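Engineer:
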Amino acid sequence: MHPILSFDHVFKSYKDGDTTLDVLKDIDFSIDKGEFIGLVGPSGAGKSTLLSLAGALLTPSQGQIRLNGKPMAAMTPKEQTALRLESIGFIFQSAHLVPYLNVQEQLIFVSRQLGLPNASAHEKAKALLEKIGLEHRIRHYPSQLSGGERQRVAIARAMINNPDLILADEPTASLDFSRARTIIQWLNSEVKEHEKAALMVTHDSRMLQFCDRVIRLEDGMCTS
Amino acid sequence: MYLAWKEIRHSKGRFFFMMVIISLLAYLVFFVSGLASGLAKDNASSIENLGKHTFILQKDADQRINRSALSSETVSKLSSTFGKDKVTVLNLQSTTVNRVGKQQKIDLTLFNLDGSQSFRPSLTAGNEPSPQTTTDIIIDQSIKRNGIHLYDTIKEQSSGLTFKVTGFTKNATFSHMPVAYLNQRQWHLFTEKRKVSGQKAVHAAVTTPFSLKKTRQLADRIHLNQNISEVSADTVIRALPGYKEEQSSLQMMISFLFIISVFILGIFFYMITAQKQAQFGILKAIGTSTGYLVRSLIFQTLITLFVSLGFSLLLTVLTVFVLPPGMPFSLSPNVIIERLLAFTGISLLSILLSIWQIIKISALSAIEGR
Chain A
0 MHPILSFDHV FKSYKDGDTT LDVLKDIDFS IDKGEFIGLV GPSGAGKSTL
50 LSLAGALLTP SQGQIRLNGK PMAAMTPKEQ TALRLESIGF IFQSAHLVPY
100 LNVQEQLIFV SRQLGLPNAS AHEKAKALLE KIGLEHRIRH YPSQLSGGER
150 QRVAIARAMI NNPDLILADE PTASLDFSRA RTIIQWLNSE VKEHEKAALM
200 VTHDSRMLQF CDRVIRLEDG MCTS
Chain B
0 MYLAWKEIRH SKGRFFFMMV IISLLAYLVF FVSGLASGLA KDNASSIENL
50 GKHTFILQKD ADQRINRSAL SSETVSKLSS TFGKDKVTVL NLQSTTVNRV
100 GKQQKIDLTL FNLDGSQSFR PSLTAGNEPS PQTTTDIIID QSIKRNGIHL
150 YDTIKEQSSG LTFKVTGFTK NATFSHMPVA YLNQRQWHLF TEKRKVSGQK
200 AVHAAVTTPF SLKKTRQLAD RIHLNQNISE VSADTVIRAL PGYKEEQSSL
250 QMMISFLFII SVFILGIFFY MITAQKQAQF GILKAIGTST GYLVRSLIFQ
300 TLITLFVSLG FSLLLTVLTV FVLPPGMPFS LSPNVIIERL LAFTGISLLS
350 ILLSIWQIIK ISALSAIEGR
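Residue numbers (numbering that gives the first Met the number 0), protein chains in the order written: chain A, 0 to 223; chain B, 0 to 369.
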């Protein structure tokens, strides 16, 4: 049984003129099905880089990253894009919805990318929106939604293709505590229920109570 | 093209604005193109009618058929060398006429074709004159603008001869003048009447179906008292008074309209792509391929273009209806297709920079928040 995501002694360094900048040093961890993992650390510790590596947006300088047992570095950029579409759900700091698509279309668009026919894409979007309590906002555009609603749509967009791995980059940064808690609890239950894996970068220590484990990054190294 | 279409529908205003600008530019292109080919026809259709023959002119005429004067001796020598069935003698004379009983003068050019390949103008109205008539002629229908109707009698001013217009033809103009076709007897009468004493009969040109090269080879063998030059029909047309000037200035306008279109389309799509940098980064991060985004841009460009072109063609058709009848305007399907293809080509050229922008955007920018 493979873990969903595994980092195998991963290093990432950037060339900065003559010196090399080691952003990540010997990162080694894995996430199993149903695990919801928090990633914390001071800014500049390499959290974003780690997330980008996990999402196949960057390739490691050394070491191996595997998704469902498959090494990602060996894939072509095209395969990596397809992988992000099918197996990875991204949630960003701010919702970053497409401004000219309404709530339902945000989800339909992603389903259609996978080649889903229009009718079933519609149904799927509707079902998911009902689940997160946004069915009354189906035809609204992002500019007509509150920050919390937008972030919920963004999370729905990340989940619509039923990905194995969810990568979240401070998903609650723009929300107040009670809303943030509701969303994270929901995300957590989704992960448990559908046996997904999630890696969430957060600054908010109050959110860590919902995580199964916490990875602390300091100066490019795992400290716990 | 889900994304592309949704954006057009959501940002109706800016796309509509763009379509209006491109429509007006394309309309101008079609209008000026129509004017250019209309003027070209008005200037040269009588020469174009003769077909792709090789013309033999007097060398000193500087390729201008209206200046050329070949002596009868030259013409008969050419005729015997080339073979009687391979030459046509072309006589032409620009002159003025007036309708009998009226004072108003009308410019026209008299054409006389003598030879086996002689061109027969097709009639749009009236009857074919009998071959031996000395009075009946056919004229290009553009003379109707000057108030000449079928069966009117006109008087040629230099010879004093009168002719009856028994038929109209079309697309027979020379230097923006209607052409009247005279038969051999009429031309003979005409030259006799206006002949100044001592002047020899002259002819404007000899045409032959032989190629330019072959014509040169044959002509080089003959010893002639005057220098001749062999030129193609296209050269003769370009050398018509005003032809080059009209065409090149109109062609320059058309080229500039295309260049302006490239910049306007290019800048528009460059700007909206630049605005969407962050959005494209996110889309790439969530698994949208670069190919899909590029195709969306091409789709939006072509939609904008085709709607605009359709609208401008509609405007052009409406314009044709309201143009005054004498206006030299002619837009053939070939020219329209040529311009449509040119617009499609330049629109794709104009978005190259935006396509490069899209390719360059990194999905990483989504995470880094740049």
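For glycine and all other residues, C-beta sits at the position ideal for the given N, C-alpha and C. As the structure is a prediction and not an experimental result, all values here were calculated from the model.
Say whether the segment 247-266 of chain B touches the segment 308-326 of chain B, bearing in mind that this needs 3 or more beta-carbon pairs closer than 8 Å, one atom from each stretch.
Structural biologist: Result no; under three Cβ-Cβ pairs closer than 8 Å.
Engineer: For residue 179 of chain B, does the three-state DSSP call read helix, strand or coil?
Structural biologist: For the purposes of this step, residue 179 of chain B is taken as the residue at position 180 of the second sequence. DSSP places residue 179 of chain B in strand when its eight states are reduced to three.
Engineer: Residue 287 of chain B versus chain A: which residues are under 8 Å apart at the beta carbon?
Structural biologist: Here residue 287 of chain B refers to the residue found at position 288 of the second sequence. What residue 287 of chain B touches in chain A: 80, 84, 112.
Engineer: Can you tell me whether residue 95 of chain A is buried or exposed, with buried defined as 16 or more other CB within 10 angstroms of its CB?
Structural biologist: Indexing the first sequence from 1 puts residue 95 of chain A at position 96. When all chains shown are included, residue 95 of chain A counts as buried.
Engineer: Quick check: is the beta carbon of residue 42 of chain A nearer than 9 Å to any beta carbon in chain B?
Structural biologist: For the purposes of this step, residue 42 of chain A is taken as residue 43 along the first sequence, with counting starting at 1. Chain B contact via Cβ: absent.
Engineer: I'd like to check one pair, residue 160 of chain A with residue 251 of chain A: are the Cβ atoms closer than 9 Å?
Structural biologist: Look at the range of chain A in this structure, 0 to 223, and you will see that residue 251 of chain A is not part of it.
Engineer: Under 6 Å Cβ to Cβ from residue 185 of chain A, same chain only, skipping five residues before and after it: list those, please.
Structural biologist: Taking the first sequence and counting its residues from 1, one reaches residue 185 of chain A at position 186. So the list is empty, once near-sequence residues are dropped.
Engineer: With distance defined between alpha-carbon atoms, name the residue in B:213, B:364, B:170, B:126 nearest to residue 164 of chain B.
Structural biologist: Indexing the second sequence from 1 puts residue 164 of chain B at position 165. Nearest C-alpha to residue 164 of chain B: B:126.
Engineer: Quick one: list the residues of chain A neighbouring residue 5 of chain B, beta-carbon separation under 7 Å, in chain order.
Structural biologist: Start at 1 with the first residue of the second sequence, and residue 5 of chain B comes out as number 6. Going along chain A in sequence order, the residues near residue 5 of chain B (Cβ under 7 Å) are 99, 100, 104.
Engineer: What are the boundary residues of the beta strand (DSSP E) that residue 12 of chain A is part of?
Structural biologist: Residue 12 of chain A sits at position 13 when you count from the first residue of the first sequence. Per DSSP, residue 12 of chain A belongs to the beta strand (DSSP E) from 4-15.
Engineer: Give me whichever residues DSSP pairs with residue 164 of chain B in a beta bridge.
Structural biologist: Within the second sequence, the letter at position 165 stands for residue 164 of chain B. In DSSP, residue 164 of chain B forms a bridge with B:136.
Engineer: So for residue 114 of chain B, helix, strand or coil by DSSP?
Structural biologist: For the purposes of this step, residue 114 of chain B is taken as residue 115 along the second sequence, with counting starting at 1. Of the three classes helix, strand and coil, the one that applies to residue 114 of chain B here is strand, per DSSP.
Engineer: Anything in chain B within Cβ reach of residue 109 of chain A, meaning under 9 Å, just list it in chain order.
Structural biologist: Position 110 of the first sequence, counting from 1, holds the residue named residue 109 of chain A. Within chain B, the residues near residue 109 of chain A are 285, 286, 287.
Engineer: At 7 Å on the CB atoms, spell out the chain B contacts of residue 12 of chain A, in chain order.
Structural biologist: The residue labelled residue 12 of chain A in the question sits at position 13 within the first sequence. Those do not exist, as residue 12 of chain A stays about 16 Å from chain B at its closest Cβ, beyond 7 Å.
Engineer: Where does residue 342 of chain B fall in DSSP's three states?
Structural biologist: Your numbering for residue 342 of chain B matches position 343 in the second sequence. Note: residue 342 of chain B maps to helix in three-state DSSP.
Engineer: CA-CA distance, residue 369 of chain B and residue 253 of chain B?
Structural biologist: Reading the second sequence from its first residue, position 370 is the one you call residue 369 of chain B. Reading the second sequence from its first residue, position 254 is the one you call residue 253 of chain B. Confidence is the limiting factor: at residue 369 of chain B the pLDDT is only 44, short of 50, which leaves the residue's position unreliable, though a coordinate-based value still follows. Answer to the nearest angstrom: the Cα atoms are 43 Å apart.
Engineer: First and last residue of the beta strand (DSSP E) that includes residue 35 of chain A?
Structural biologist: Against the first sequence, residue 35 of chain A aligns to sequence position 36. Where residue 35 of chain A is concerned, the enclosing beta strand (DSSP E) stretches over 35-39.
Engineer: What are the partner residues of residue 326 of chain B, as DSSP defines its beta bridges?
Structural biologist: Reading the second sequence from its first residue, position 327 is the one you call residue 326 of chain B. In the DSSP output, where bridge partners are listed per residue, residue 326 of chain B has none listed.
Engineer: Over the uninterrupted beta strand (DSSP E) stretch that includes residue 252 of chain B, give me the two end residues.
Structural biologist: Counting from 1 along the second sequence, the entry for residue 252 of chain B is found at position 253. First-last for residue 252 of chain B: 242-274, but that is the alpha helix (DSSP H), not the beta strand (DSSP E).
Engineer: Whole angstroms are fine: how far does the CA of residue 91 of chain A sit from the CA of residue 54 of chain A?
Structural biologist: To locate residue 54 of chain A, count along the first sequence from 1; it is residue 55. To locate residue 91 of chain A, count along the first sequence from 1; it is residue 92. Going by the C-alpha atoms only, they are around 12 Å apart.
Engineer: Taking residue 336 of chain B as the reference, which of B:278, B:296, B:8, B:28 has the closest Cα?
Structural biologist: Your numbering for residue 336 of chain B matches position 337 in the second sequence. It is B:28.
Engineer: With distance defined between alpha-carbon atoms, name the residue in B:73, B:36, B:70, B:64 nearest to residue 232 of chain B.
Structural biologist: On the second sequence, residue 232 of chain B is found 233 positions in, with the first residue counted as 1. The shortest C-alpha separation from residue 232 of chain B is found at B:64.
Engineer: Starting from the beta carbon of residue 139 of chain A, find every residue of chain B whose beta carbon is closer than 7 Å, and list them in chain order.
Structural biologist: On the first sequence, residue 139 of chain A is found 140 positions in, with the first residue counted as 1. The contacting residues do not exist; residue 139 of chain A stays about 13 Å from chain B at best.
Engineer: With DSSP run on the structure shown, which of helix, strand or coil describes residue 79 of chain B?
Structural biologist: Translated into positions along the second sequence, residue 79 of chain B becomes position 80. DSSP places residue 79 of chain B in helix when its eight states are reduced to three.
Engineer: Going by Cα to Cα distance, which pick from B:167, B:10, B:177, B:33 is closest to residue 44 of chain B?
Structural biologist: The residue you call residue 44 of chain B lines up with position 45 of the second sequence. Selected option, being the one with the closest Cα: B:177.
Engineer: Hey, how far is the Cα of residue 153 of chain A from the Cα of residue 61 of chain A?
Structural biologist: Residue mapping note: residue 153 of chain A aligns to position 154 of the first sequence, counting from 1. Residue mapping note: residue 61 of chain A aligns to position 62 of the first sequence, counting from 1. Their backbone Cα atoms lie some 32 Å apart in a straight line.
Engineer: Are the beta-carbon atoms belonging to residue 38 of chain A and residue 199 of chain A less than 9 Å from one another?
Structural biologist: Indexing the first sequence from 1 puts residue 38 of chain A at position 39. Indexing the first sequence from 1 puts residue 199 of chain A at position 200. Cβ atoms of residue 38 of chain A and residue 199 of chain A: closer than 9 Å.
Engineer: Quickly, what does DSSP pair residue 197 of chain A with across the bridge? List them, please.
Structural biologist: Counting from 1 along the first sequence, the entry for residue 197 of chain A is found at position 198. Paired residue(s): A:35, A:165.
Engineer: With DSSP as the reference, please indicate the residues paired to residue 0 of chain B in a beta bridge.
Structural biologist: Within the second sequence, residue 0 of chain B is the residue found at index 1, counting from 1. Bridge partners of residue 0 of chain B: none, in fact.
Engineer: Cutting at 6 Å between CB atoms, please list the residues of its own chain near residue 349 of chain B, excluding the five before and the five after it.
Structural biologist: By 1-based counting over the second sequence, the position of residue 349 of chain B is 350. These residues qualify, in order along the chain: 261, 264, 265.
Engineer: Looking at C-alpha atoms only, which residue of B:81, B:136, B:73 is the closest neighbour of residue 151 of chain B?
Structural biologist: Sequence index remark: in the second sequence, residue 151 of chain B carries index 152 (1-based). Among B:81, B:136, B:73, the Cα nearest to that of residue 151 of chain B belongs to B:136.
Engineer: With 16 as the cutoff for other CB atoms within 10 Å, does residue 8 of chain A come out buried or exposed?
Structural biologist: To locate residue 8 of chain A, count along the first sequence from 1; it is residue 9. Under this definition residue 8 of chain A is an exposed residue.
Engineer: For the beta strand (DSSP E) holding residue 225 of chain B, just list the boundary residues, first then last.
Structural biologist: Counted from its first residue, the second sequence places residue 225 of chain B at position 226. Counting along the chain, residue 225 of chain B falls outside any beta strand (DSSP E), and DSSP gives it neither H nor E.
Engineer: Just curious, the beta strand (DSSP E) that residue 65 of chain A is in, first and last residue?
Structural biologist: The count along the first sequence starts at 1 and reaches residue 65 of chain A at position 66. Segment 61-66, the beta strand (DSSP E) holding residue 65 of chain A.
Engineer: Is residue 123 of chain B closer than 9 Å to residue 162 of chain B when the C-beta atoms are compared?
Structural biologist: Here residue 162 of chain B refers to the residue found at position 163 when the second sequence is read from its first residue. Here residue 123 of chain B refers to the residue found at position 124 when the second sequence is read from its first residue. Cβ distance not < 9 Å, so residue 162 of chain B and residue 123 of chain B don't count as in contact.
Engineer: Taking 7 Å as the limit between beta carbons, can you name the residues of its chain near residue 200 of chain B, skipping five residues before and five after?
Structural biologist: Mapped onto the second sequence, residue 200 of chain B falls at position 201. Counting only Cβ-Cβ distances below 7 Å, and skipping sequence neighbours, we find 71, 190.
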